[in-house]
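Just below is one structure, and these are the notes that go with it.
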Amino acid sequence: MVIVAVDDDSVAEVGEWPWSRQAQGELVDAVADAGAAVIGYDVLLPGDAGDDDSLARALSRVPTVVAEGYSSAVRTDRGLLSVSGAVAPGPEISSAARAVGHAVITADTDGVTRTVPLVVAPAGEDFAGSLALRVADLADGAVDQLYVRPGMVQVGGLSVPTEGDAAVRVHWSAGLEPRGPSIVSAADLLDGSIDPAVLDGAVVFVGATAVALGDRHVTPLRPGATTPGVVVQAQVASTILSSGWVLPVAPWWSALLVLVLSSGLARAALTLRLRWVAVAAVGVPALYLVAAVVVFGTLGLLADTVRVPVALVGSTVLAVVVRLLVEQRERRRTIDLFTRYVPESVAEHLLRTGRAREAADGERVRVGLVFCDLRGFTPLAASLRPGQVREILDRYYDFACAVVFEHRGTVMQFVGDEVFAVFGAPDPLDDPASAARACGLALQARAGELERELAAAGLPEVRFGVGVHVGEVVAAHVGPVRRRQYAVIGDPVNVGSRLCGTARAGEVVLSVAVAEGAVGGDVEAVELKGVADPVAMIRVAAPVGWSGGPTATSPAPADGDGTRGEPAAAHPNQT
1 MVIVAVDDDS VAEVGEWPWS RQAQGELVDA VADAGAAVIG YDVLLPGDAG
51 DDDSLARALS RVPTVVAEGY SSAVRTDRGL LSVSGAVAPG PEISSAARAV
101 GHAVITADTD GVTRTVPLVV APAGEDFAGS LALRVADLAD GAVDQLYVRP
151 GMVQVGGLSV PTEGDAAVRV HWSAGLEPRG PSIVSAADLL DGSIDPAVLD
201 GAVVFVGATA VALGDRHVTP LRPGATTPGV VVQAQVASTI LSSGWVLPVA
251 PWWSALLVLV LSSGLARAAL TLRLRWVAVA AVGVPALYLV AAVVVFGTLG
301 LLADTVRVPV ALVGSTVLAV VVRLLVEQRE RRRTIDLFTR YVPESVAEHL
351 LRTGRAREAA DGERVRVGLV FCDLRGFTPL AASLRPGQVR EILDRYYDFA
401 CAVVFEHRGT VMQFVGDEVF AVFGAPDPLD DPASAARACG LALQARAGEL
451 ERELAAAGLP EVRFGVGVHV GEVVAAHVGP VRRRQYAVIG DPVNVGSRLC
501 GTARAGEVVL SVAVAEGAVG GDVEAVELKG VADPVAMIRV AAPVGWSGGP
551 TATSPAPADG DGTRGEPAAA HPNQT
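Next comes the structure, spelled out in structure tokens:
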């Protein structure tokens, strides 16, 4: 297939367009002399110009289809374009040509021509075939009856699949692009500067390609530029003659594909690491586009290469947003939960290291335990106003929590005037015993800070005893949904609580297990309520303001108020 183009050089050499019918006849004669098999003459020849003889004689030499134009085209319920305002050739030209074909070219809503109507419905006629369709039909030497069927146009041995408006989707070929190898200049043909063999046996379209002559259309062939109408007609004829059908994939199939792929991407976005989600979000649409190209090249199926990839990327982005929102909410909930017991930095660390879920669900860990209980506070509270009691406890709790947090401990709970802390859960420590021991001694060593703070507020001083132990426990979030709390369960908790009960004001009682030789003093074995075997412990006195090493004191069990008597009751975490 060859296009003989009336381009800028042709206009400059022959004269202003439109040329006279005689000059056009000379051009058609040159095409016929070169051996063209069929001519599609895409030039409007309105009425009888009076000098049609030479052009009509030239057109009769080769099977030719001449163009017919229309000034308006309107879509109808018949599925065909209703056209009016015909610009038709005169009777002499029409008689010389083997057929007349309409030259209507339409565009999609975005202004791009992707399909061209093969059949239109002129006023007073059933329908008329297009220039390209008639040229393709004439290629076998005969003009056949035209049939319009749902989704198809049939003429002779050709069955062309169509879409709305009986339009065929064009299979655009770069071989017919302007300045391409299938385009020859009319000027070159007329002056004999090209080999006539180029046109020998070819289907030839003749038409204007110079930009100034109009008839330009936006097509996928040349993004950002326009394509001459004669090139569009040649592309349509090439599509028909080569059976290069472009069949759009059914919308329901695209929707199903989006549903399946989007579901997979959404699942990946909710479960995979974000870097792999990014790979999937780019890779899957890219693979889809590659597959679309392969399917188009092999089967002629035109997949949706815009909405499907956009839907895939959009669904992935949406899933990632949902994931981030859920993770943020879960993160905030987890931080809120853990910051009741540990500093927010520790809670953030648990989330970053992925241990938050494990810590909440439950784990068996070795922890250090510290109990700090006020001595003589019950009778003191009875003599104070409620506001003073609350303020003393608040300042005491703040002091104790600060010391615990400094040693990477977790404040488990406040029971009356007792503070219970663990070391090694939920944030694991290499040496929980050492951390607990250091915290217990620091509480007594810095008791002067609390005393000075209370004195400055006009509040009476308070003293406390400290018990320290180490052992293996089960740590988890327990309790009903509306009142869950982080707890440690195990016999070491009971032992630590009982050791605290034996400590007098200003004392730290450590089990030998937690002392680990780091604290000197007399070791005594005591029987603790609820504990099967005697527990070896060391009693250490750390006076207010003390800053040196620990000093051992003689055994002197005390009750919760600092007086000698029965050891304190079991801790609430124990039975």
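Note that the sequence shown covers residues 1 to 575 in the UniProt record's numbering. The beta carbon of each residue, even a glycine, is placed where N, CA and C say it ideally should be.
Pull up the distance between the alpha-carbon of residue i and that of residue j, whole angstroms please.
{"i": "residue 492", "j": "residue 503", "result": "17 Å"}
{"i": "residue 235", "j": "residue 173", "result": "7 Å"}
{"i": "residue 188", "j": "residue 208", "result": "14 Å"}
{"i": "residue 134", "j": "residue 202", "result": "15 Å"}
{"i": "residue 295", "j": "residue 246", "result": "11 Å"}
{"i": "residue 312", "j": "residue 325", "result": "20 Å"}
{"i": "residue 9", "j": "residue 72", "result": "32 Å"}
{"i": "residue 2", "j": "residue 79", "result": "32 Å"}
{"i": "residue 553", "j": "residue 489", "result": "Only weak support exists for where residue 553 lies, its pLDDT of 46 falling under 50; the coordinates are left without a value."}
{"i": "residue 408", "j": "residue 441", "result": "15 Å"}
{"i": "residue 430", "j": "residue 404", "result": "17 Å"}
{"i": "residue 472", "j": "residue 368", "result": "9 Å"}
{"i": "residue 534", "j": "residue 527", "result": "4 Å"}
{"i": "residue 500", "j": "residue 466", "result": "5 Å"}
{"i": "residue 141", "j": "residue 204", "result": "14 Å"}
{"i": "residue 520", "j": "residue 536", "result": "13 Å"}
{"i": "residue 154", "j": "residue 137", "result": "10 Å"}
{"i": "residue 386", "j": "residue 469", "result": "34 Å"}
{"i": "residue 157", "j": "residue 122", "result": "25 Å"}
{"i": "residue 195", "j": "residue 90", "result": "33 Å"}
{"i": "residue 144", "j": "residue 240", "result": "15 Å"}
{"i": "residue 12", "j": "residue 297", "result": "41 Å"}
{"i": "residue 14", "j": "residue 20", "result": "10 Å"}
{"i": "residue 434", "j": "residue 267", "result": "45 Å"}
{"i": "residue 281", "j": "residue 439", "result": "50 Å"}
{"i": "residue 186", "j": "residue 193", "result": "10 Å"}
If you measure between the beta carbons of residue i and residue j, is that distance less than 7 Å?
{"i": "residue 375", "j": "residue 505", "result": "yes"}
{"i": "residue 25", "j": "residue 54", "result": "yes"}
{"i": "residue 464", "j": "residue 373", "result": "yes"}
{"i": "residue 370", "j": "residue 421", "result": "yes"}
{"i": "residue 198", "j": "residue 42", "result": "no"}
{"i": "residue 316", "j": "residue 255", "result": "no"}
{"i": "residue 76", "j": "residue 98", "result": "no"}
{"i": "residue 6", "j": "residue 32", "result": "no"}
{"i": "residue 92", "j": "residue 29", "result": "no"}
{"i": "residue 4", "j": "residue 206", "result": "yes"}
Hey, out of the options, whose CA is closest to residue i's CA?
{"i": "residue 103", "options": "11, 440 and 167", "result": "167"}
{"i": "residue 578", "options": "325, 515, 45 and 1", "result": "Any property of residue 578 remains undetermined from this structure, which presents the chain solely from 1 to 575."}
{"i": "residue 394", "options": "424, 416, 184 and 105", "result": "416"}
{"i": "residue 146", "options": "284, 129, 184 and 195", "result": "129"}
{"i": "residue 287", "options": "271, 309, 266 and 300", "result": "309"}
{"i": "residue 293", "options": "32, 367 and 303", "result": "303"}
{"i": "residue 163", "options": "226, 150 and 154", "result": "150"}
{"i": "residue 327", "options": "29, 122, 477 and 274", "result": "274"}
{"i": "residue 175", "options": "280, 387, 271 and 238", "result": "238"}
{"i": "residue 334", "options": "351, 322 and 321", "result": "351"}
{"i": "residue 116", "options": "110, 65 and 106", "result": "106"}
{"i": "residue 437", "options": "121, 513 and 52", "result": "513"}
{"i": "residue 262", "options": "233, 319, 108 and 214", "result": "319"}
{"i": "residue 379", "options": "132, 462 and 365", "result": "462"}
{"i": "residue 248", "options": "171, 314 and 233", "result": "171"}
{"i": "residue 515", "options": "531, 538 and 498", "result": "538"}
{"i": "residue 448", "options": "412, 400 and 425", "result": "400"}
{"i": "residue 118", "options": "459, 280 and 81", "result": "81"}
{"i": "residue 200", "options": "210, 362, 211 and 182", "result": "182"}
Just curious, the alpha helix (DSSP H) that residue i is in, first and last residue?
{"i": "residue 13", "result": "8-14"}
{"i": "residue 57", "result": "53-59"}
{"i": "residue 91", "result": "91-96"}
{"i": "residue 110", "result": "Where residue 110 is concerned, there is no enclosing alpha helix (DSSP H), given that its DSSP letter is neither H nor E."}
{"i": "residue 190", "result": "186-190"}
What residue range is occupied by the uninterrupted beta strand (DSSP E) comprising residue i?
{"i": "residue 518", "result": "No beta strand (DSSP E) holds residue 518; DSSP gives it neither H nor E."}
{"i": "residue 75", "result": "64-75"}
{"i": "residue 157", "result": "No beta strand (DSSP E) holds residue 157; DSSP gives it neither H nor E."}
{"i": "residue 539", "result": "535-541"}
{"i": "residue 26", "result": "It is not in any beta strand (DSSP E) - residue 26 instead sits in the alpha helix (DSSP H) that spans 21-33."}
{"i": "residue 589", "result": "What the structure shows of the chain is the stretch from 1 to 575, and residue 589 is not part of that stretch, so it cannot be assessed."}
{"i": "residue 215", "result": "No beta strand (DSSP E) holds residue 215; DSSP gives it neither H nor E."}
{"i": "residue 102", "result": "99-102"}
{"i": "residue 42", "result": "38-42"}
{"i": "residue 82", "result": "81-87"}
Problem set entry | Ranges of the alpha helix (DSSP H) found wholly within the UniProt domain "Guanylate cyclase" (368-500), counting only runs of at least 4 | 377-382, 386-406, 432-445 and 447-456
Exercise. What are the uninterrupted segments assigned as alpha helix (DSSP H) that are 4 or more residues long and contained completely in the segment 117-152, given in chain order?
Worked result: 131-138
Problem set entry | beta strand (DSSP E) runs wholly inside the segment 219-289, at least 3 long, in chain order | 226-228
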